[in-house]
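Position one of the sequence shown corresponds to residue 176 (our numbering), numbered consecutively onward. Ideal placement from N, C-alpha and C gives every residue a C-beta, glycine not left out. Predicted model, so just to flag it, every value in this text is computed and none were measured. Working notes, beginning with the structure itself.
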Amino acid sequence: MNNATQPRTATAEPYDDAYALAGRTLVRERIRGMRKVIGRRLAPGDIVLRKAAPEVRQHLFEEACELYWNEMSWEEITDEELMGDEELTEMIFPGLLALIDAFLPRAPNGEPDRDREHREVVHDFLDWLAVRLVKLREARPDSEDERARILRQKDVTDDLIDIIAFRMCSLSNDEIDTYQNA
176 MNNATQPRTA
186 TAEPYDDAYA
196 LAGRTLVRER
206 IRGMRKVIGR
216 RLAPGDIVLR
226 KAAPEVRQHL
236 FEEACELYWN
246 EMSWEEITDE
256 ELMGDEELTE
266 MIFPGLLALI
276 DAFLPRAPNG
286 EPDRDREHRE
296 VVHDFLDWLA
306 VRLVKLREAR
316 PDSEDERARI
326 LRQKDVTDDL
336 IDIIAFRMCS
346 LSNDEIDTYQ
356 NA
């Protein structure tokens, strides 16, 4: 996404070209790593037959960002999905992942339902998450509490990128297990 089309909302902070490039590279390398471990070509189905109108695309993107922030904030308040030192990322973001699934619907034969999907919104959101991760990695907070909060957000956001990429590339449960155990 270039500066002219990047979201500029309260839920999705703007970012410059250097961060956008870093985010796209992170996503591309993550999918390349999955492909290498899985041993097959991963086609995230990048063909978008019907792009949403710009205002619809922006609205859906903002909804995804808002769910990210709301569910992340709720987890920070409650610590509901913290098991020892491990976060249960899928349980932290149930609404967001349901929205991602709605953006990537499947036809009865298991193929992507190209007439109803909003794949371009998932791409936009995945790029935004990657930029968020890059910024979290660069953060150098002063207090121990803030360092712990940033580390937790970084770990959860990193896991969330994988989960969304798995769904975008239609990985099976066995392939996900193979990748995660590599």
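Among all the DSSP beta bridges, which residues are the ones paired with residue i?
{"i": "residue 287", "result": "281"}
Between the options, which lies nearest to residue i when the distance is taken from Cα to Cα?
{"i": "residue 314", "options": "341, 271, 329", "result": "329"}
{"i": "residue 278", "options": "225, 317, 320", "result": "225"}
{"i": "residue 271", "options": "335, 212, 302, 285", "result": "335"}
{"i": "residue 350", "options": "195, 215, 192, 255", "result": "215"}
So what does DSSP say about residue i, is it helix, strand or coil?
{"i": "residue 226", "result": "coil"}
{"i": "residue 207", "result": "helix"}
{"i": "residue 353", "result": "helix"}
{"i": "residue 234", "result": "helix"}
{"i": "residue 214", "result": "coil"}
{"i": "residue 292", "result": "coil"}
{"i": "residue 199", "result": "helix"}
Length-filtered (4 minimum) alpha helix (DSSP H) runs lying within the stretch 299-348: Positions of the alpha helix (DSSP H) runs, each at least 4 residues long and wholly inside the stretch 299-348, are given as 319-343 in order along the chain.
The stretch 190-203 in contact with the stretch 298-306 per 3-pair CB rule at 8 Å: Using a Cβ-Cβ distance cut-off of 8 Å, the stretch 190-203 and the stretch 298-306 are in contact, since at least three pairs of beta carbons, one from each stretch, lie closer than that value.
Contact between the stretch 291-300 and the stretch 227-236 (3+ Cβ pairs under 8 Å): Judged by Cβ distances under 8 Å, the stretch 291-300 makes contact with the stretch 227-236, as three or more pairs qualify.
Touching by the beta-carbon criterion (3+ pairs, under 8 Å), the stretch 341-355 and the stretch 203-219: Three or more beta-carbon pairs drawn from the stretch 341-355 and the stretch 203-219 are found closer than 8 Å, and the two stretches are therefore classed as touching.
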